[in-house]
Amino acid sequence: MTVNDETYRRTVEPRLLLVHFLRDELGLTGTHWGCDTSNCGTCVVWLDDVPVKSCTVLIGMVDGRRVRTVEDLADGAELDPVQQGFVACHGIQCGFCTSGMLMTARWLLDHNPDPSDAEIREAISGQLCRCTGYENIVRSVRWAAGHRGTE
Amino acid sequence: MRRKEDRRFVRGRGTYVDDVQLPGMLHGAILRSPVAHARILSVDTSAAEAHPKVRAVITGETLAERGLAWMRTLSYDTQAVLATDKVRFQGQEIAFVVADDRYAARDALELIVVDYEELPPVTDPALALSADAAVIRDDLDGKRDNHVFDWEAGDAELTDRVFASADVVVAEDMVYPRVHPCPLETCGVVADMDPVTERLTVWATSQAPHAHRLLYSTMFGIPEHRIRIVAPDIGGGFGNKVAVYPGYVCAVVGSMITGRPVKWIEDRSENLMSTSFARDYHMHGEIAATHDGQVLALRVRVLADHGAFNATAQPTNYPAGFFGVFTGSYDLRAAHCAVTGVYTNKAPGGVAYACSFRITEAVYLVERMMDVLAYELDVDPADLRMRNLLRPQQFPYTCATGWQYDSGDYPRALELAKELAGYDELRTEQAEKRERGELVGIGLSFFTEAVGAGPREHMDILGLGMADGAELRVHPTGSAVLRLSCMSQGQGHQTTFAQLVGEELGISPDEVEVVQGDTDQTPFGLGTYGSRSTPVSGAAVVLVARKVRERARLIASAMLEVSPDDLEWEKGRWFVRGVPDHGRTIPEIAMAAHSGLELPEGVEGQLAADCVYNPPNLTYPFGAYICVVDVDAETGQVSVRRFVAVDDCGVQINPMIVDGQVHRGLADGVGMALMEVIAFDRDGNHLGGSLMDYLLPTALECPSWELGYTVTPSPHHPVGAKGIGESATVGSPAAVVNAVMDALRPFRVRHADMPLTPAAVWCAAHGTPFRTDRVD
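Protein chains in written order, with our numbering: chain A, 694 to 844; chain B, 895 to 1670.
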């Protein structure tokens, strides 16, 4: 499989969850583990360019496939616009939901560069945040939509 | 100012407890009881011990040999670390497995065989005190019932007299259901008992690292200088991460037994089923008033469900927390409350979820009672509140139960909220829609909080006065390090406290490093909960910065060869009065403090100071909230269309962060009012053990919040700030519930309990309300 464009070959138990593989085997701890039941979305990563909840993906299912995590969003020192937006609009408090929110936001803007607030809310509705009341997350995504040029 | 902490969080570079990886680290998992109340006949761990990846299996018996089977709670009760005699709630800890990885540890749990003799579970707090109820705490000497405490506040006799002569008395029963703070990061720990140095290091999700160090020290008999607690980044706390949980203790013992670090991270079900819940207050309220709507008195009886162990986290003298502030924002002649705490076969806890030590329950009660009274008198709830609010000239105001409110201008806040909401227009719209059979509800709440515990003469936790420390050192080139005893769980301490120092010393907040959470590196203090960081630690920061500034003045006087009295401060520098060009900046002074300069008396050679702040009083933030809901009459579905929140937290340090804190609490209010409940069935089964059952608000249930502020400085806080972390959680649930009740006015519904799920709303509207906190 590839993770953030690096190829990895590992022999692991097939029942290992993708979230644990990323965190414990590869040390990519930006992806978090929050619920086990696909409700909280702190574990969202891209699997072949589609956001998935990595707590519900067995490692056996990703054999030969591509995974992208939050660690791959920035281009070196240059933050992705969604990352910049979350900083500019206080879309972050404790930071635990942030990685998953960022991955979903990036996907949304890739497919809908100028989403309405309702579309942003719909897009992140499978993910929970306990700190922001979502308001500033919505504003952050909108900010990113308005700053595409900086990508 | 943007937050300093965000640059790591957007890159996925935060360090939470589960991100801590140590060489040789093992993983723990807990076997939990499937039943709510049972005697343990035997625990057979032999098969688990034989598992090739298992390094240790710890049972209650293992712990008993070390005197660790029971631990002291924050309320002077005891709690089983691992059950020895009985299990007392579903999900209680029975055994702890230490294995090479977390999957193997979980596998081994399934190899442990426990024999139970089931006992009748006590799930209804009202039945817990009946003579035939099973005694849950038979471990306590001579305990023959499930009674925990009786506590009262106010003048009962005076209150009765006012009630007896009042024109109108209205009573209502209401349940503030059991809910859970449910931070997105669950609780966890990495414990490392170094067998050579005999030093214990514990990385933990802890809102109060110094208090935890003391607890570990007394529990394990390890002196404090050999214990280091590190709270790294915390993924939300909300009171869930104040207590020491059995899993932490077991991880330490696991490390002692194996000689290796042990990590234990609970899963979501464990978090929801076993760690500090919130509320579970069963209240009977009565309100007395005149015919024309002057509120005279409140009388309240509360049955408080504390679960199987009394583990509430609150100041010692306040077993019902600060519920005594239930007089709210109104000028009452008398008030009295009586609270009885009971044991039930449920998880321990009670004070959590941004409750400001139970002011959530108090505000909910009084704000619901105000609406119940408005219903009976058939007056507008905004008018009723406006008529009874305290007036600005009444501050400082001592309420009927003895709390001294520091400052406020309540009518101004309510006026602003009405203006932002367009209150009168909303009432017009509501009337028109009612004609057409559409249900619109407009709900208000006005809250006063008492936060920033607290004066240590009255307030302590386990004998530790609730003061907080701060240490500030300016480095030779003028940047600084600030060390604090409080601990952020997302509130942005690294930013706001750096701003305070920057403001006081005239240096950039970017040049102030804020250190928190590590007991080896920070001064003693009680931590972050009850909205106390800004009122207590924030004050400590300002005072320590002012101390440093005064020290800088002495050094500057030596540099400029003038008397300190001849120096004047402008932001960032001391200069000679009348000669503005003749001055020294903080970096120049800091460098001089380390130079060959002959330093004046009282300065020992660096620019630094420390301080402990013991607050003279609590601070009293307040606010006026208006919620607008649309209710689908066919399905009972409530949607929150608008929410207007006017807050007054005194002087704001970082308005952006204040907004964020309010947003969070408003979402809590929508969640608690409409979705969240931890219910139990008759057998004591926990019915909210996953996020599929315990429903939290998403972006779709939350409207775009509309905020407004007034600023009434606290007279006793050094910069006039009050706490804001919990205001909206405290104030918003009543506004949402009041809005739904208002919408249901055509159905003549006066009260229905949270959460107002579609089913609950539909049943209430059709005259068949049901209890939301249990399933029979």
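Think of the CB as a built atom: it goes at the ideal place given N, C-alpha and C, for glycine as much as any other residue.
- With respect to chain A, the C-beta atom of S1584 (chain B) has a partner C-beta closer than 8 Å.
- Taking C-beta separations shorter than 6 Å and ignoring five residues to either side along the sequence, the partners of A1392 (chain B) in its chain run P1403, V1406, V1408, following chain order.
- Of all residues in the stretch 1061-1082 of chain B, only P1075, C1076, P1077, L1078, E1079, T1080 place a beta-carbon less than 9 Å from a beta-carbon of chain A.
- Per the C-alpha coordinates, the member of B:T953, B:T1292, B:L1420, B:V1146 positioned closest to V1156 (chain B) is B:V1146.
- Per the coordinates, the alpha-carbon of R1122 (chain B) lies some 12 Å from the alpha-carbon of L1109 (chain B).
- Of all residues in the stretch 744-771 of chain A, those with a C-beta nearer than 9 Å to a C-beta of chain B are T762, V763, E764, L766, A767, reading in chain order.
- For L1314 (chain B), the enclosing alpha helix (DSSP H) starts and ends at 1304-1315.
- Here S818 (chain A) carries a coil assignment [DSSP, helix/strand/coil].
- Shown here, I1480 (chain B) sits in a helix according to DSSP, grouped into three states.
- Around H1178 (chain B), the same chain offers D1067, R1195 as residues with beta carbons nearer than 6 Å, after the five sequence neighbours per side are excluded.
- Sequence-distant Cβ neighbours of N1511 (chain B) in its own chain, meaning closer than 7 Å and more than five residues away, are Q1298, D1300, P1349, H1610.
- Taken atom to atom, the span from the alpha-carbon of A1214 (chain B) to that of C728 (chain A) is near 32 Å.
- Shown here for Q820 (chain A): same chain residues with a beta carbon closer than 8 Å to its own, the five before and five after excluded, namely C733, G734, T735, V737, C790, G793, M794, T797 in chain order.
- W739 (chain A) is bridged by DSSP to A:P744, A:R761.
- Per DSSP, the unbroken alpha helix (DSSP H) holding K1441 (chain B) starts and ends at 1433-1454.
- Annotated three-state conformation of W1656 (chain B) is helix, per DSSP.
- The residue from B:E1464, B:M1485, B:H1488, B:Q1188 with its alpha-carbon nearest to that of G1477 (chain B) is B:E1464.
- N1239 (chain B) sits buried, since 16 or more C-beta atoms from the chains shown fall within 10 Å of its C-beta.
- The residue among B:T1428, B:G1424, B:A1629, B:R1642 with its C-alpha nearest the C-alpha of G1133 (chain B) is B:G1424.
- Neighbours of C790 (chain A) in chain B, taken as residues whose beta carbon is under 7 Å from its own, are L1078 in chain order.
- Residue burial is scored here from C-beta neighbours: T1169 (chain B) has at least 16 other C-beta atoms within 10 angstroms and is therefore classed as buried.
- Per the Cβ contact rule, the stretch 753-770 of chain A is not in contact with the stretch 826-836 of chain A (fewer than 3 Cβ pairs under 8 Å).
- Look at F789 (chain A) here: in three-state DSSP terms it is coil, with no helix or strand label.
- Relative to T1112 (chain B), the option among B:A1002, B:D1186, B:G961, B:E1164 whose CA is nearest is B:G961.
- In the DSSP assignment, D1009 (chain B) falls within the beta strand (DSSP E) that extends over 1007-1012.
- Here E1255 (chain B) is not near G1222 (chain B), since their CB atoms are 8 Å or more apart.
- For secondary structure counted as the beta strand (DSSP E) over 3 or more consecutive residues, the stretch 1025-1079 of chain B holds these complete runs in sequence order: 1041-1048, 1062-1073.
- R1467 (chain B) is positioned such that its CB atom lies closer than 8 Å to that of G1400 (chain B).
- For the set B:H1660, B:A1593, B:T1322, the Cα lying nearest the Cα of S818 (chain A) is the one of B:A1593.
- For N829 (chain A), the chain B residues whose Cβ falls inside 8 Å of its Cβ are D1553, G1554, H1557, in order along the chain.
- Per DSSP, T1342 (chain B) lies in no alpha helix (DSSP H); the unbroken beta strand (DSSP E) holding it starts and ends at 1333-1342.
- Within the DSSP secondary-structure output, V937 (chain B) pairs in a beta bridge with B:V1008.
- Judged by DSSP secondary structure, Q1555 (chain B) falls within the alpha helix (DSSP H) whose first and last residues are 1549-1568.
- Sixteen is the threshold: since fewer than 16 other Cβ atoms of the shown chains lie within 10 Å of the Cβ of Y701 (chain A), the residue is exposed.
- Looking at the DSSP output, G1187 (chain B) shares a beta bridge with no other residue.
- When DSSP reads this structure, Q1298 (chain B) sits in a beta bridge with B:T1292.
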